[in-house]
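*Asks:* Note that the protein sequences, when read in sequence, are chains W and B.
Numbers in my numbering are just positions in the first sequence, counted from 1, shifted up by 8.
Numbers in my numbering are just positions in the second sequence, counted from 1, shifted up by 863.
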Amino acid sequence: MKDTADTDTTPDGRKIGGVLMEMKNITLRFGGVKAITDISFDIRDGEIRAIIGPNGAGKSSMLNVISGFYVPQEGEVWFKGVRRGPMRPYQVARLGIARTFQNIALFDGMSVLDNIMTGRLTLMKSGVLSQALWWGPAEREETHHREKVEKIIDFLEIQNIRKTPVGRLPYGLKKRVELARALAAEPKLLLLDEPMAGMNVEEKEDMSRFILDVNDEFGTTIVLIEHDMGVVMDLSDRVVVMDYGKKIGDGTPDEVRNNPDVISAYLGVAHD
Amino acid sequence: MATTASKPELQSIPALLARNARDLGTLPAYREKEYGIWQSWTWAETADEVRALALGLMSLGIARGDHVAIIGRNRPALYWSMVAAQMCGAVPVPLYQDAVADEMAYVLDHCGARYVICGDQEQVDKVLEVQDRVTGIEQIAYLDKRGMRKYDHGHMNALADIAAEGRAAHQRFDAELDARIAELTYDHVCVMLYTSGTTGKPKGVVLSNRNIIETSRNSAEFDSLGRDDDVLAYLPMAWVGDFIFSVGQAMWTGFTVNCPESAATMMTDLREIGPTYFFAPPRVFEGQLTNVMIRMEDAGRLKKRMFDHFMEVARRVGPAILDGKPVSAIDRLRYGAGNLLVYGPLKNTLGFSRVRVGYTAGEAIGPEIFDFYRSLGINLKQLYGQTEASVFITQQPDGEVRSDTVGVPSPGVEVRIGDTGEVFYRSPGTFVEYYRNPESTASTKDAEGWVATGDAGFFEEVSGHLRIIDRAKDVGKMADGRLFAPKYVENKLKFYPNILEAVVFGAGRSMCTAFINIDLNAVGNWAERNNIAYASYQELSQHPKVGEMIEAHVEEVNRSVAADPMLSGCQVHRFLILHKELDADDGELTRTRKVRRTIIAEKFADLIDALYSGRNEIYTETEVTYEDGRKGRIKATLRIRDAKVMAAQERMAAE
């Protein structure tokens, strides 16, 4: 990273580095509607950063700004010390940013393995023709990528559905496959849009463990949006709280939990 | 490989390993599917890995006689750890990986393990959880590094690091290790296995090198197993059978042990490996047959007719062809065509194309299920054994296989029937003792080495085969003095795919009653086909249609029980369908899925009262334990049903 001087260690022994991404005074409008108003916060290398807020607070819009899908009308996005302009999706992927979606976006007819392989697309060097012929370097390259994908399959414990078409899988597993595909791109920054929505307690526990393991094992920085307060408070290092497009709180889970604005806006009766 | 007498230098597993590394060095010893492909280790590589682990354990200060607990699913490195412990003069103690923390605490404390080798983080967590209650654990090692980075490594190591350390330190420990390996004799402890125990606390069964090696040799010769055979290691490592197959016989014959990728991929891995020597408890065969039948229900009409036609042919002549009995040429031709069109592809799908010897044991297997596999040409046999015998007591020789017997005494085993009908045996595999439990040892094994099995049985006069009726202590009398053998009836009930478990009560009572557990797979599929909606196991179990179906099964069983004059009193008069599956986590089953009668009788006392009080409904609340150890309660109102009982005259007619 740009500097290693300001490294912190979390209570559980993970290293959190300097600022990886910085959002400065972001404002995003859709026509006359202000989705995000003058929000600033930073994401540090190696941390798990949560964005929470009631429905319609602008969380998903914020995530789309981070991913480069939306370009804010005002404000600056800095990534790895460089100011980022408007970008095409493949450029975002090459920067090392990967994401999962609130509504699963996988190829239903393809197997789990093939879906995850698509995550490696930006890392493949051989051209379409040589891949189609599957000869020489292309063959070696595919073997290499398959090996990486198999490590992820092992990591997320989905060996038993390797060859199953995604369309036949239950919801919780599809979410896990989506995470696998995002991981296949070997991202520096991983964006998770409600990774636990609609899951039962056991699936949530599994997913939480995978998120922590990904962060721990690969050092991936993670930004996640989540509604389940228990999960957010347990997982994240720092939390941004949004309400009506504004930032009303930012800090460690404990700080956020005790912030009177946050309590009145969101946690309130729900969390006691 | 089979030599007739064990040479003096082959008195331990490490000695056998050294021989294999020397004589069979380039042949595959262990395989494991990982990262989507089968990784393989030759005997020479295995010997090298095991030695590195042993040196690593030496550097951690392992002493002679220490106990090393091993907890995890079947993986080559865990098998190697066991042999490495033996090399150091220590005793490996494999534990059931699905044991909850309390059970684990008891065993770890009882054996006084100094070292614990875990498969992954889940097992490490359990050990750490019980560590304050268990004194003596000094070092924990783990195989899978995932999630382990944050742990305090003061007394913890990755297994790979232990091996690396061992390799680095070989000059310091080589001589000492060689000395310890050379000391091992037939009388040294080979392994200690805890019996799951249908009653009371588990007991540590101490098995010597003599027990394991002699038994492995005898049983390998019985089925002429050789270095070219393949087995799939998927049954719990803590179970004696797995130790005999995956360590004892593998080391003796030099065959290949294949470890599946995960429990969930077992069926796929089975198909890929196509083992030649296969062992499974009846429930695995039942599960596979149920799957085949469910899929055939959904198959097209032509396929279904073809399947039905050729299965009929197979049922008629298949077993005879397998046993080498005379069969007409036309039937042979029909069977050949069936083999081409149905049996071959089916066996391939099941992963049984190459099976030369298949065994089932542990529970009685339904005759239909047994005959199904044999009619396909799969040489499925039964054996009868227990941990205390290093598995083998009796087994069925090729060509003399029947579903209702367990075969003739295994080579080297003497069997006799006691005055009360209890089966006793004496063999080279007979265990040394129960660890730190001389009373139990004395009450099980007498001075001459005869061991009481606790099972009641008799030898058939014509065939000389042993038949087991029931647990000796479960065989009782009803109030009017008629014989009560619950297992006999339960097995008949369990042969129906819709019934997963059954528990029959009636000792000292005027009539028999039963709890039934439905099989969610089979009944769920049936419900789907008949448009019966249900939201939960509990709701499905109490559905009136399900009740009627089970009632029909119970009545059929009553009819067949009535045909046996000795046991006709065991007909089930009243029964109910339980609202939850009996579960080992709740203590209702043992880890090997045997019913724990007394615990169930205590826990569900209200339900038993209701069965005998003539009520037709009962409200109940039951405590359940979730996988992570938390507890909850489920509430239900259960219907009690009456089943028709066959009258005495019908019984006379049947005689």
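For each residue, glycine too, the CB sits at the ideal point set by N, CA and C.
Quick caveat, the model's predicted, so the values are computed rather than measured.
With a cut-off of 8 Å, do at least 3 Cβ pairs link the segment 1337-1345 of chain B to the segment 1440-1449 of chain B?
*Replies:* Segments in contact, no.
*Asks:* C951(B) by DSSP, collapsed to three states: which one?
*Replies:* Sequence index remark: in the second sequence, residue 951(B) carries index 88 (1-based). If DSSP states are grouped into helix, strand and coil, C951(B) belongs with coil.
*Asks:* Kindly indicate the opening and closing residues of the beta strand (DSSP E) around E211(W).
*Replies:* Your numbering for residue 211(W) matches position 203 in the first sequence. E211(W) -> not in any beta strand (DSSP E); alpha helix (DSSP H) instead, spanning V209 to F226.
*Asks:* Specify the secondary structure class of K88(W) as computed by DSSP and reduced to three states.
*Replies:* One-based indexing of the first sequence puts residue 88(W) at position 80. In this structure, K88(W) counts as coil in the three-state DSSP scheme.
*Asks:* Using only the alpha-carbon positions, how far apart do I933(B) and L941(B) sit?
*Replies:* Working through the second sequence from its first residue, we reach residue 933(B) at position 70. Working through the second sequence from its first residue, we reach residue 941(B) at position 78. Looking at the two C-alpha atoms, the distance is approximately 7 Å.
*Asks:* If you draw a straight line from the C-alpha of L137(W) to the C-alpha of P145(W), how long is it?
*Replies:* On the first sequence, residue 137(W) is found 129 positions in, with the first residue counted as 1. On the first sequence, residue 145(W) is found 137 positions in, with the first residue counted as 1. About 12 Å.
*Asks:* Between R1460(B) and L1022(B), what straight-line distance do the alpha-carbon atoms span, to the nearest angstrom?
*Replies:* The residue given as residue 1460(B) occupies position 597 in the second sequence. The residue given as residue 1022(B) occupies position 159 in the second sequence. For R1460(B) and L1022(B), the distance between alpha carbons rounds to 41 Å.
*Asks:* Please name the residue in L1204(B), G1181(B), V1205(B) and P1208(B) whose C-alpha comes closest to that of R1195(B).
*Replies:* To locate residue 1195(B), count along the second sequence from 1; it is residue 332. Nearest C-alpha to R1195(B): G1181(B).
*Asks:* Based on the DSSP secondary-structure assignment, which residues constitute the bridge partners of F1378(B)?
*Replies:* For the purposes of this step, residue 1378(B) is taken as residue 515 along the second sequence, with counting starting at 1. According to DSSP, F1378(B) bridges with V1366(B) and L1439(B).
*Asks:* Skipping 5 residues on each side, what residues in its chain have a beta carbon closer than 6 Å to that of I876(B)?
*Replies:* The count along the second sequence starts at 1 and reaches residue 876(B) at position 13. Once the five neighbours on either side are set aside, the close Cβ partners of I876(B) are V946, Q949 and M1114.
*Asks:* Give the single residue among T1307(B), N1479(B) and T1485(B) whose Cα lies nearest to the Cα of A814(B).
*Replies:* Lying before the first or after the last residue shown, residue 814(B) is absent from chain B, which here runs from 864 to 1518.
*Asks:* When DSSP labels each residue in this structure, what does H930(B) get in the three-state scheme?
*Replies:* If you number the second sequence from 1, residue 930(B) lands on position 67. Three-state DSSP puts H930(B) in a strand.
*Asks:* Starting from G288(W), follow the beta strand (DSSP E) in both directions and report where the run begins and ends.
*Replies:* The requested residue 288(W) does not occur in the structure, where chain W is confined to residues 9 to 280.
*Asks:* Looking at chain W, which residues of the segment 993-1025 of chain B have a Cβ within less than 8 Å of any of its Cβ atoms?
*Replies:* Correct list: R1009, G1010, R1012 and K1013.
*Asks:* Mind checking which residues open and close the beta strand (DSSP E) that includes M29(W)?
*Replies:* The count along the first sequence starts at 1 and reaches residue 29(W) at position 21. First-last of the beta strand (DSSP E) with M29(W): V27 to F38.
*Asks:* Of the residues that make up the segment 143-168 of chain W, which ones have a beta carbon closer than 8 Å to any beta carbon in chain B?
*Replies:* Here the close residues are R154, E155, E158, K159, I161, D162, F163, E165, Q167 and N168.
*Asks:* For G180(W), go through chain B and note every residue whose CB falls closer than 8 Å to its CB, in chain order.
*Replies:* In the first sequence, counting from the first residue as 1, residue 180(W) sits at position 172. Simply none; closest approach about 14 Å.
*Asks:* Determine the direct distance from the alpha carbon of F87(W) to that of E30(W), and round the result to whole angstroms.
*Replies:* As a working mapping, residue 30(W) is identified with position 22 in the first sequence. As a working mapping, residue 87(W) is identified with position 79 in the first sequence. Taking the straight line from one Cα to the other gives about 7 Å.
*Asks:* If E1077(B) and G1292(B) are in contact, beta carbons under 8 Å, what's the gap, nearest whole angstrom?
*Replies:* Here the question's residue 1077(B) lines up with position 214 in the second sequence. Here the question's residue 1292(B) lines up with position 429 in the second sequence. About 6 Å separates the two Cβ atoms, so the contact holds.
*Asks:* Going along the chain, which residues of its own chain have a beta-carbon closer than 8 Å to the beta-carbon of G1317(B), five neighbours each way excluded?
*Replies:* Looking up residue 1317(B) in the second sequence gives position 454. Contacts found: E1285, R1334, A1335 and K1336.
*Asks:* Under 6 Å Cβ to Cβ from S1082(B), same chain only, skipping five residues before and after it: list those, please.
*Replies:* Residue mapping note: residue 1082(B) aligns to position 219 of the second sequence, counting from 1. These residues qualify, in order along the chain: F1255.
*Asks:* What residues from chain W crowd round A1096(B), counting only those whose CB sits closer than 7 Å?
*Replies:* Counting from one through the second sequence, the residue named residue 1096(B) turns up at place 233. Those within 7 Å of A1096(B) in chain W number zero; the least Cβ separation is about 17 Å.
*Asks:* Can you list, in chain order, the residues of the segment 1099-1130 of chain B whose Cβ is nearer than 7 Å to any Cβ on chain W?
*Replies:* Answer set for the segment 1099-1130 of chain B: E1124, S1125, A1127 and T1128.
*Asks:* Just the chain W side, please: which residues come within less than 9 Å of G899(B) by C-beta, in chain order?
*Replies:* Residue numbering aside, residue 899(B) sits at position 36 when the second sequence is read from its first letter. The answer, in chain order, is L121, R154, E155, V157, E158, I161, D162, Q167 and R170.
*Asks:* Judging by CA-CA distance, which residue of V174(W), P261(W) and Q81(W) is the nearest neighbour of F38(W)?
*Replies:* Against the first sequence, residue 38(W) aligns to sequence position 30. Considering only alpha carbons, the answer is Q81(W).
*Asks:* Is the shortest distance between the beta-carbon of A878(B) and the beta-carbons of chain W less than 8 Å?
*Replies:* Here residue 878(B) refers to the residue found at position 15 of the second sequence. Not an interface residue.
*Asks:* Taking the straight line between their C-alpha atoms, what separation do you get for G104(W) and T18(W)?
*Replies:* Within the first sequence, the letter at position 96 stands for residue 104(W). Within the first sequence, the letter at position 10 stands for residue 18(W). When rounded, the distance between both Cα atoms is 24 Å.
*Asks:* Throw me the rounded Cβ distance for the V157(W) and A192(W) pair, which I believe falls under 8 Å.
*Replies:* Taking the first sequence and counting its residues from 1, one reaches residue 157(W) at position 149. Taking the first sequence and counting its residues from 1, one reaches residue 192(W) at position 184. Sure, about 6 Å apart at Cβ, within 8 Å.
*Asks:* Return no unless some Cβ of chain B is closer than 8 Å to the Cβ of D214(W).
*Replies:* As a first step, residue 214(W) is located in the first sequence; it is residue number 206 there, counting from the start. No, its Cβ sits nowhere closer than 8 Å to a Cβ of chain B.
*Asks:* Buried or exposed: where does Y1489(B) fall if 16 or more other Cβ atoms within 10 Å of its Cβ makes it buried?
*Replies:* By one-based count along the second sequence, residue 1489(B) stands at place 626. The residue in question, Y1489(B), is exposed, as its Cβ has fewer than 16 Cβ neighbours within 10 Å.
*Asks:* Which of helix, strand or coil does DSSP assign to L887(B)?
*Replies:* The residue you call residue 887(B) lines up with position 24 of the second sequence. L887(B) falls in the coil class under three-state DSSP.
*Asks:* Please report the straight-line C-alpha distance between V85(W) and N123(W), rounded to a whole angstrom.
*Replies:* Position 77 of the first sequence, counted from the first residue, corresponds to residue 85(W). Position 115 of the first sequence, counted from the first residue, corresponds to residue 123(W). Cα to Cα, the separation comes out at about 30 Å.
*Asks:* First and last residue of the alpha helix (DSSP H) that includes A1021(B)?
*Replies:* Position 158 of the second sequence holds residue 1021(B). Per DSSP, A1021(B) belongs to no alpha helix (DSSP H); it is in the beta strand (DSSP E), M1019 to A1021.
*Asks:* Using a Cβ-Cβ distance cut-off of 8 Å, determine whether M1509(B) contacts chain W.
*Replies:* Locating residue 1509(B) in the second sequence gives position 646, counting from the first residue. No, M1509(B) lies away from the interface with chain W (no Cβ there is under 8 Å from its Cβ).
*Asks:* Which residue comes first and which comes last in the alpha helix (DSSP H) that contains F1106(B)?
*Replies:* Locating residue 1106(B) in the second sequence gives position 243, where the first residue counts as 1. Start and end: V1103 to F1106.
*Asks:* Of all the options Y1206(B), M1055(B), F1142(B) and P1065(B), which has the alpha carbon lying nearest to the alpha carbon of L1098(B)?
*Replies:* For the purposes of this step, residue 1098(B) is taken as the residue at position 235 of the second sequence. The shortest C-alpha separation from L1098(B) is found at F1142(B).
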